[in-house]
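FYI, the numbering for the sequence shown is 41 to 221, going by this note's numbering.
A virtual CB, placed ideally from N, CA and C, is assigned to each residue, including glycine.
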Amino acid sequence: MKHKNHGFTLVETIIVMAIMAVLASMLFIGLAIIPRNAARSCAKGIKTVIGQTRIMTMGKDETVLELYQDTDGRYYTVHYADGTALNSPEECGKTYVTVYYHEEGAAGDPDTVTSAGCTELTGSERLYLGFDRGSGKMAAVTASVGGANITTRICDAILVTGGGLECRVRIYPATGKVMFE
Numbered sequence: 041m042k043h044k045n046h047g048f049t050l051v052e053t054i055i056v057m058a059i060m061a062v063l064a065s066m067l068f069i070g071l072a073i074i075p076r077n078a079a080r081s082c083a084k085g086i087k088t089v090i091g092q093t094r095i096m097t098m099g100k101d102e103t104v105l106e107l108y109q110d111t112d113g114r115y116y117t118v119h120y121a122d123g124t125a126l127n128s129p130e131e132c133g134k135t136y137v138t139v140y141y142h143e144e145g146a147a148g149d150p151d152t153v154t155s156a157g158c159t160e161l162t163g164s165e166r167l168y169l170g171f172d173r174g175s176g177k178m179a180a181v182t183a184s185v186g187g188a189n190i191t192t193r194i195c196d197a198i199l200v201t202g203g204g205l206e207c208r209v210r211i212y213p214a215t216g217k218v219m220f221e
């Protein structure tokens, strides 16, 4: 008996559609994880460089940290001492994260403030942070950076968002302690 096969059976079609649905959901989950990991990585990197700035200031020179968003949409950090860059810009955030900062004394509790209560760090703005050399606490330091005199800000929180995740770098200005939350 000869059978002519004119197409797929209903069972075969359902199995192929189920496999495609599983693969599509895996891809969707994978794409959602990338910005979340980028936000977490950026926040941890910012915490590290703030801690390094504090240690460098207490150890040798009055060091200022510059955090900014470049025209490429990525975030970078640079350390300055005596008006001279100590390193070339180091990338700390990809294009699909957004960085916000909360200044000490601004409205909102730094432990619970969201990005809506913070200032977004955009390409036209630079955030400078400095510490007191004797005590290690965060301080408003006037320093020369690239030939211009700047005054550092006293921030108590930096938020990094991406993929629906909001990571917080909590800074305790009175002691200079920095924590990733």
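Best match in Ser184, Lys217, Gly133 for proximity to Asp112 [C-alpha to C-alpha]: If you number the sequence shown from 1, residue 112 lands on position 72. If we check each option's Cα against that of Asp112, Gly133 comes out closest.
How about the segment 93-106 and the segment 46-57: do they share at least three Cβ pairs that are nearer than 8 Å? The answer is no - the segment 46-57 does not touch the segment 93-106, with fewer than three Cβ pairs under 8 Å.
Gly169 and Arg208: beta carbons closer than 8 Å? Here residue 169 refers to the residue found at position 129 of the sequence shown. Here residue 208 refers to the residue found at position 168 of the sequence shown. According to the sequence provided, residue 169 is Leu. The question's Gly does not apply to it. Their beta carbons are not under 8 Å apart, which means Leu169 does not touch Arg208 by this criterion.
To the nearest angstrom, report how far apart Met66 and Met60 are at their CA atoms. Translated into the one-based positions of the sequence shown, residue 66 becomes position 26. Translated into the one-based positions of the sequence shown, residue 60 becomes position 20. Distance between the alpha carbons of Met66 and Met60: 10 Å.
Would Lys87 be called buried (16 or more neighbouring beta carbons within 10 Å of its own) or exposed? Here the question's residue 87 lines up with position 47 in the sequence shown. Lys87 counts as buried, since no fewer than 16 other beta carbons sit within 10 angstroms of its beta carbon.
Could you check where the beta strand (DSSP E) with Thr219 kicks off and where it finishes? To locate residue 219, count along the sequence shown from 1; it is residue 179. It is Met, not Thr, that sits at residue 219 in the sequence shown. Secondary structure note for Met219: its beta strand (DSSP E) is the uninterrupted segment 217-220.
Residue environment, Asp196, which counts as buried when at least 16 other CB atoms sit within 10 Å: Locating residue 196 in the sequence shown gives position 156, where the first residue counts as 1. Per the 10 Å Cβ criterion, buried.
Thinking C-alpha only, which one of Glu165, Tyr140, Thr162 is nearest Thr154? As a first step, residue 154 must be located in the sequence shown, where it is residue number 114. The candidate whose alpha carbon is nearest that of Thr154 is Tyr140.
With a cut-off of 8 Å on the beta carbons, I'd call Thr117 and Glu130 a contact; round off their distance for me. Stepping through the sequence shown from its first residue, residue 117 is reached at position 77. Stepping through the sequence shown from its first residue, residue 130 is reached at position 90. The Cβ separation is near 5 Å, so the contact holds.
Look up Cys158 in the DSSP assignment and say whether it is helix, strand or coil. The count along the sequence shown starts at 1 and reaches residue 158 at position 118. Coil, per DSSP.
When we look at the beta-carbon of Val181 and count the other beta-carbons within 10 Å, is it buried (16 or more) or exposed? As a first step, residue 181 is located in the sequence shown; it is residue number 141 there, counting from the start. Answer is buried; the Cβ neighbour count reaches 16.
Cutting at 6 Å between CB atoms, please list the residues of its own chain near Arg210, excluding the five before and the five after it. Sequence index remark: in the sequence shown, residue 210 carries index 170 (1-based). The residues are Ala197, Met219, Glu221.
Residue range of the unbroken beta strand (DSSP E) whose run includes Glu144: The residue you call residue 144 lines up with position 104 of the sequence shown. Where Glu144 is concerned, there is no enclosing beta strand (DSSP E), because DSSP gives it neither an H nor an E.
Less than 8 Å separating the beta-carbons of Thr138 and Glu160? Locating residue 138 in the sequence shown gives position 98, where the first residue counts as 1. Locating residue 160 in the sequence shown gives position 120, where the first residue counts as 1. Yes, they are a contact pair.
On the DSSP bridge assignment, give the partners of Met96 in chain order. What you label residue 96 is simply residue 56 of the sequence shown in a count that begins at 1. Met96 has no beta-bridge partner at all, per DSSP.
Would you mind giving the Cβ-Cβ distance between Gly174 and Arg76, rounded to the nearest angstrom? I have them listed as a contact below 8 Å. Within the sequence shown, numbered from 1, the residue matching residue 174 stands at position 134. Within the sequence shown, numbered from 1, the residue matching residue 76 stands at position 36. For a cut-off of 8 Å, the C-beta gap from Gly174 to Arg76 is around 40 Å, too long to register as a contact.
Determine the extent of the beta strand (DSSP E) in which Ser164 is found, giving its start and end residues. Counting from one through the sequence shown, the residue named residue 164 turns up at place 124. Looking at the DSSP string, Ser164 is not in any beta strand (DSSP E), and its letter there is neither H nor E.
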